[in-house]
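Read top to bottom, the protein sequences are chains Z and S. Mapping of the first sequence onto UniProt numbering: position 191 corresponds to residue 191, and the numbering continues sequentially without gaps. Mapping of the second sequence onto UniProt numbering: position 246 corresponds to residue 246, and the numbering continues sequentially without gaps.
2 protein chains.
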Amino acid sequence: MASSVQDVFMLFGDSITQGGWGPGLNGMGQRLSHVYARKLDVLNRGYSGYNTEWAIPVFEQCFAKRTDGHAPKVQVLTIWFGANDACIKPSPQHVPLSKFVSNMKHLVQMVKSPTSAYYSPTTRIILITPPPVDTYQRRADLESRNPPIALDRLFATTEAYAQAVKDVAAEENVAVVDVWGTLWEAVGKEEKLLNKFLIDGLHLNEAGYQVVYDELIKTIAQMHPEVHYDNLGPIFPPWAQIDWDAPSNSLYIKAV
Amino acid sequence: MASSVQDVFMLFGDSITQGGWGPGLNGMGQRLSHVYARKLDVLNRGYSGYNTEWAIPVFEQCFAKRTDGHAPKVQVLTIWFGANDACIKPSPQHVPLSKFVSNMKHLVQMVKSPTSAYYSPTTRIILITPPPVDTYQRRADLESRNPPIALDRLFATTEAYAQAVKDVAAEENVAVVDVWGTLWEAVGKEEKLLNKFLIDGLHLNEAGYQVVYDELIKTIAQMHPEVHYDNLGPIFPPWAQIDWDAPSNSLYIKAV
């Protein structure tokens with residue numbers, strides 16, 4: 001069995017989180033896994049297609065209750081939803097905006113509220129806004145399928161859900177990485193230029209993940225510098241620092 | 001805290017394991033993280049510069065004792081050492097061949113022996129042989145440093161340690177991925193051609209990791225097909241299989 005020798009950096013979200021280790025993408029998950037090697041375990045808790053309604057039961061099982069003293073601590077938790085909640089009716093993924101807001105608050109409160117069974121005051125929560133939708137690219141992708149699918153997301157709808165994420169972050173006093181706003185500014189507010197950052201009008205390409213990673217690391221450096229990878233030492237010492245004549249002196253960091 | 005909702009694929013080794021999520025490499029760790037997403041957590045337990053002598057105390061802390069009922073199960077465990085043990089004297093990383101053999105057996109027996117505190121009969125152990133050393137490339141790399149460093153590894157020495165890994169695997173009846181032999185065959189047994197697969201005569205480049213990943217997946221398919229990623233379902237259902245009218249029916253896979 002795997003002992004909880006390292007604390008955790010948990011990435012909770014939908015397909016844009018799940019796909020962050022994909023080949024050729026240099027995605028967010030992969031890059032975090034690399035820079036946090038020997039420091040924190042970066043756990044993929046991304047669920048393709050999921051909205052916040054379905055995410056809550058999953059979170060109740062992925063995040064340990066405070067009574068579970070054996071579980072590794074989650075030092076950083078990113079919550080990245082909205083891309084699917086913002087689907088338009090009649091998509092089964094659609095979650096009304098007001099319900100999306102209450103679900104996001106609920107997820108944050110599960111961790112932040114002292115009365116929650118999942119209360120974890122040392123977990124640093126970072127919300128992430130969904131990327132802007134390029135409906136030109138998205139429509140072309142969906143129409144090329146067999147059978148063709150009607151456009152399922154609108155630019156302005158996802159914008160509203162992104163704004164809601166920022167509002168929840170402000171209200172709950174947690175950090176936020178505004179992927180929507182950063183990408184929108186980067187293309188000079190020209191929807192047709194978003195394909196610089198998106199594969200299919202919805203999911204990020206390598207350039208898109210690069211922006212997300214950079215913004216996330218910047219946010220950690222500003223808001224939670226103590227868990228920036230540069231400020232965490234490796235759990236086990238670099239090999240040159242081992243006491244070579246008596247390795248046990250430096251290699252036991254917990255009782256066995 | 002992070003609940004043990006997924007079992008584990010643990011990669012235990014030295015820098016060649018640790019670096020498997022590196023940028024632009026499409027390394028073994030990254031690719032396993034991708035294909036096992038929502039199935040197994042791929043944990044990086046790679047320790048740059050470590051030999052088996054230093055690895056044993058680390059393993060005693062990374063691998064849970066059988067009495068720790070809360071820890072997630074390790075379904076697959078790769079053990080990949082030898083590249084540093086095979087350093088030549090007076091390197092502090094050098095471990096004599098006979099000691100390397102007994103250390104490797106010890107690591108395997110910690111998991112396989114019914115009398116071991118770490119006994120885990122359901123863990124599938126896969127040993128991996130170190131890559132062949134390109135001493136031309138390695139020497140050039142070391143001589144280019146400031147101050148220059150003398151050649152620290154010999155081709156034939158690492159070959160002997162790779163053979164020892166194969167011998168231990170046979171004796172202990174566990175699977176082995178012969179990276180040494182596969183790369184050596186791939187270059188037509190021409191040491192100077194190994195730079196096709198190595199960055200610096202020692203560490204793998206993208207082509208090298210591609211070979212390791214392919215061989216590892218082939219080994220899993222042949223020896224332990226039940227844990228091949230194609231034969232494991234996601235822990236939580238694909239979104240299209242959720243009971244949309246009553247999501248709780250399909251989303252609770254354990255008691256909360």
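Don't be surprised by glycine CBs; every beta carbon is placed ideally from N, CA and C.
Quick check on residue i: does DSSP put it in helix, strand or coil?
i, result
"R139(S)", "helix"
"R153(S)", "coil"
"F197(Z)", "coil"
"A117(S)", "coil"
"I75(Z)", "Looking at the sequence itself, residue 75(Z) is Gln, so the reference to Ile does not match. Three-state result, Q75(Z): strand."
"I220(Z)", "helix"
"P92(Z)", "coil"
"L32(S)", "helix"
"T52(S)", "helix"
"G188(Z)", "coil"
"P57(S)", "helix"
"V168(Z)", "helix"
"L232(S)", "coil"
"W239(S)", "helix"
"D68(S)", "coil"
"F37(Z)", "Before going on, a small fix: residue 37(Z) reads as Ala here, not Phe. Correct three-state label for A37(Z): coil."
"D214(S)", "helix"
"V256(S)", "coil"
"A86(S)", "coil"
"W21(Z)", "helix"
"V133(Z)", "coil"
"T123(S)", "coil"
"P225(S)", "helix"
Which residues does DSSP list as the beta-bridge partners of residue i?
i, result
"N44(S)", "L11(S)"
"W80(Z)", "G13(Z)"
"F63(S)", "A2(Z)"
"residue 280(S)", "No statement about residue 280(S) is possible, as the shown extent of chain S runs from 1 to 256 and does not include it."
"L204(S)", "L198(S)"
I want to verify the contact list: residues of chain C whose CB lies under 9 Å from the CB of residue i, in sequence order.
i, result
"A240(Z)", "The chain labelled as chain C is not found among the protein chains of the depicted structure, namely Z and S."
Could you tell me the boundaries of the alpha helix (DSSP H) in which residue i lies?
i, result
"V101(Z)", "97–112"
"L25(Z)", "It is not in any alpha helix (DSSP H) - L25(Z) carries neither H nor E in the DSSP assignment."
"N249(S)", "248–251"
The ligand SAM and residue i: does the residue's C-beta get closer than 7 Å to at least one heavy atom of that ligand?
i, result
"V42(Z)", "Ligands displayed in this structure: none; no statement on the ligand SAM is therefore possible."
Exercise. Relative to chain S, which residues along the stretch 23–47 of chain Z have a C-beta separation below 8 Å, given in chain order?
Worked result: Contact residues of the stretch 23–47 of chain Z toward chain S are P23, G24, N26, G29, Q30, R31, S33, H34, A37, R38, D41, L43, N44, G46, Y47 (C-beta to C-beta distance below 8 Å).
Exercise. Relative to chain S, which residues along the stretch 131–151 of chain Z have a C-beta separation below 9 Å, given in chain order?
Worked result: Nothing from the stretch 131–151 of chain Z brings a Cβ to less than 9 Å from some Cβ of chain S.
Problem set entry | Residues, ordered as in the chain, of the stretch 223–235 of chain Z that lie near chain S by beta-carbon distance below 7 Å | From the stretch 223–235 of chain Z, no residue has a Cβ closer than 7 Å to chain S.
For this session: Compile a chain-ordered list of the residues in the stretch 95–122 of chain S whose CB is closer than 9 Å to at least one CB of chain Z.
Result: Near chain Z, meaning a CB-to-CB distance below 9 Å, the residues of the stretch 95–122 of chain S are A117, Y118, S120.
Problem set entry | Under 7 Å (Cβ pairs) to chain S, residues found in the stretch 157–176 of chain Z | Here the close residues number zero.
Problem set entry | Near-chain Z residues of the stretch 54–68 of chain S - C-beta to any C-beta below 7 Å | Here the close residues are W54, P57, V58, E60, Q61, C62, F63, A64, D68.
Problem set entry | Cβ-based contacts, 8 Å cut-off: residues of the stretch 179–206 of chain Z near chain S | Answer in chain order: no residues at all.
For this session: Can you give me, in chain order, the residues of the stretch 241–255 of chain S that have a beta carbon less than 8 Å from any beta carbon in chain Z?
Result: Within the stretch 241–255 of chain S, the qualifying residues are I242, W244, P247, S248, L251, Y252, I253, K254.
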